[in-house]
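Undergrad: Each residue of the sequence shown is one higher than the one before, counting from 1 in full-length UniProt numbering. Backbone N, C-alpha and C define an ideal beta-carbon position, used for all residues, glycine too. This structure is a prediction, so every number in the text was calculated from the model and none was measured. Structure provided below as structure tokens; questions to follow.
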Amino acid sequence: MQNPYVLSGNTCGSSSGSAISVAANMVSVSLGTETDGSIICPADHNSVVGIKPTVGLTSRAGVVTISPRQDTIGDFEATKEAAKFIPAGGYKQFLNKDDLKGKRLGVVRNTFLALLNRSKAVATFEHHLYTLRQGSATIVDNLEITNVNVILDPYQSGEEKTEIFYASEFTNGLGEEERMAIEAMENLSRDGIEKLMKENKLDAMVTPGSGAPSVLAIGGYLAISVPAGYDSDGMPFGICFGGLKGTESKLIEIADGFEQATMVRRPPFSLSMEWNKDAYV
């Protein structure tokens, strides 16, 4: 598979096929699964909206799980408006013209800005923060997540251990080491993103690019990636909104408000000319 925007570009993540099918205008919406970044990263790299819901909100029937603590089914669409098709009944009820009004958005820069290697992404992110303010959102800037470097390291956080140990359910069962790893991740989540959100009374955390999924994944929190821009070579990048468990309606409002205020997304250039369909098979 190839990136519809830059054929040599990274498609990112195990659900990239789902993202590409939407980006290439093959389907309106598609489904994918995420343990840690497999929805958010492909959405970011292929200029589509990706929703990774709270773990447990959607059924995992038929899914071969890697981590029961983190695995969830989510959806991709070219625009937030298309989310009205999934799930049954859709999210359309949460799409309003004043989506951003009164929302408190926390900006986490440390680590995530350093992960960006795209020339236009940082400046574009700053411009989008201005746009969010213009939409009557309150921006709480320069926030820090406690132990963020530990959380982003799967070996230190315990994420890597749990993925290995969950396989032991089919042999000797769960052991003390696995339980300790789970407890460590719960503590990191409670003292990290959860503390940040509650102490600052945030409706969402805002980060540039696709570096935030691990922070949200280890606690089963939700995230939405929305197209934010394109680099000089045409490679897409997104903006990520993260929220606490069960706040889908609020996060969808924010993502829709951002999308309507920016209208950044454009179809791949290859769709306006004769393109190699075999590349997407």
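What are the start and end residues of the alpha helix (DSSP H) that includes Phe241?
TA: Counting from one through the sequence shown, the residue named residue 241 turns up at place 241. That residue, Phe241, is in no alpha helix (DSSP H); its beta strand (DSSP E) goes 236-243.
Undergrad: Name the residue from Pro227, Ile218, Asp44 whose alpha carbon lies nearest to the alpha carbon of Asp36.
TA: By one-based count along the sequence shown, residue 36 stands at place 36. When each option's Cα is compared against that of Asp36, the closest is Ile218.
Undergrad: Taking the alpha carbon of Asn147 as the reference point, which residue from Asp75, Ser214, Ala121, Leu57 has its own alpha carbon closest?
TA: Translated into positions along the sequence shown, residue 147 becomes position 147. When each option's Cα is compared against that of Asn147, the closest is Ser214.
Undergrad: With a threshold of 6 Å on Cβ separation, who are the neighbours of Leu216 within its own chain once the five nearest residues in sequence on each side are excluded?
TA: In the sequence shown, counting from the first residue as 1, residue 216 sits at position 216. Counting only Cβ-Cβ distances below 6 Å, and skipping sequence neighbours, we find Ala223, Gly242.
Undergrad: Which runs of the alpha helix (DSSP H) at least 4 residues long sit entirely within the stretch 173-236? Give them in chain order.
TA: 176-189, 195-199, 213-217
Undergrad: Quick one: give me the first and last residue of the alpha helix (DSSP H) that Thr247 is part of.
TA: Counted from its first residue, the sequence shown places residue 247 at position 247. Careful: Thr247 lies outside any alpha helix (DSSP H) and carries neither H nor E.
Undergrad: What's the gap between the Cα of Ser210 and the Cα of Ser15?
TA: Taking the first residue of the sequence shown as 1, we reach residue 210 at position 210. Taking the first residue of the sequence shown as 1, we reach residue 15 at position 15. Distance between the alpha carbons of Ser210 and Ser15: 14 Å.
Undergrad: Lys120 by DSSP, collapsed to three states: which one?
TA: Here residue 120 corresponds to residue number 120 of the sequence shown, with the count starting at 1. Coil, per DSSP.
Undergrad: At a threshold of 7 Å, does Glu199 count as lining the ligand FMN (C-beta to nearest heavy atom)?
TA: You won't find the ligand FMN in this model; it holds no ligand whatsoever.
Undergrad: Go ahead and label Asn149 buried or exposed: buried means 16 or more other beta carbons lie within 10 angstroms of its beta carbon, across all protein chains shown.
TA: What you label residue 149 is simply residue 149 of the sequence shown in a count that begins at 1. Exposed.
Undergrad: Can you tell which of Ala228, Pro208, Pro268 has the C-alpha that lies nearest to the C-alpha of Asn110?
TA: Counting from one through the sequence shown, the residue named residue 110 turns up at place 110. Taking only the C-alpha atoms, the option nearest Asn110 is Pro208.
Undergrad: So what does DSSP say about Phe125, is it helix, strand or coil?
TA: Your numbering for residue 125 matches position 125 in the sequence shown. Phe125 falls in the helix class under three-state DSSP.
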